[in-house]
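For reference, the structure discussed in these notes is given below.
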Amino acid sequence: MAHLFQEVFANRFRDVFHKIRSACIHELGLWMLTFPKQFLDDAYLKYIAWSLHDAKGSVRLASLEALQPLYEKNPLESIWNLHGEV
Numbered sequence: 357m358a359h360l361f362q363e364v365f366a367n368r369f370r371d372v373f374h375k376i377r378s379a380c381i382h383e384l385g386l387w388m389l390t391f392p393k394q395f396l397d398d399a400y401l402k403y404i405a406w407s408l409h410d411a412k413g414s415v416r417l418a419s420l421e422a423l424q425p426l427y428e429k430n431p432l433e434s435i436w437n438l439h440g441e442v
């Protein structure tokens, strides 16, 4: 999975077409929700953070929409409990 992420997502995340960047962030949000132990990690969360500073508002919105379900499903405390940090 890490190889696929690096070869596909990491390259498309910087695509010149903003709709592709938005789609990447949307999918990353779904992966974080579905596979939190793997994707709720700094190595992946940084892509959401970087997208919050994108020039296009639609990409910034996709970042916020990717984070929202994580906080609805898991309060912050339980997200950090996945990593044993609380």
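Residues 357 to 442 in the working numbering are what the sequence shown lists, from first letter to last.
Beta carbons are placed, not taken as given, at the ideal position from N, Cα and C, and that holds for glycine.
Against chain C, with Cβ distances strictly below 8 Å, would residue i count as a contact?
i: V364; result: Protein chains in the displayed structure number just one, and chain C is not present.
Using the rule of at least 16 other Cβ atoms within 10 Å of the residue's Cβ for burial, across every protein chain shown, is residue i buried or exposed?
i: L420; result: exposed
i: Y427; result: exposed
i: A418; result: buried
i: R370; result: exposed
i: A422; result: buried
i: S414; result: exposed
i: F395; result: buried
For the alpha helix (DSSP H) holding residue i, just list the boundary residues, first then last.
i: L384; result: 374–390
i: D398; result: 398–407
Which one of the options has the shortest CA to CA distance from residue i?
i: P425; options: E383, H374, R368; result: E383
i: A358; options: A405, L386, Y400, S407; result: Y400
i: L408; options: F391, T390, R377; result: R377
i: I404; options: G385, N367, R368; result: G385
Under 8 Å between the Cβ atoms of residue i and residue j?
i: F361; j: C380; result: no
i: I412; j: H374; result: Here residue 412 turns out to be Lys, not Ile, going by the sequence shown. In contact: K412 and H374 (Cβ atoms closer than 8 Å).
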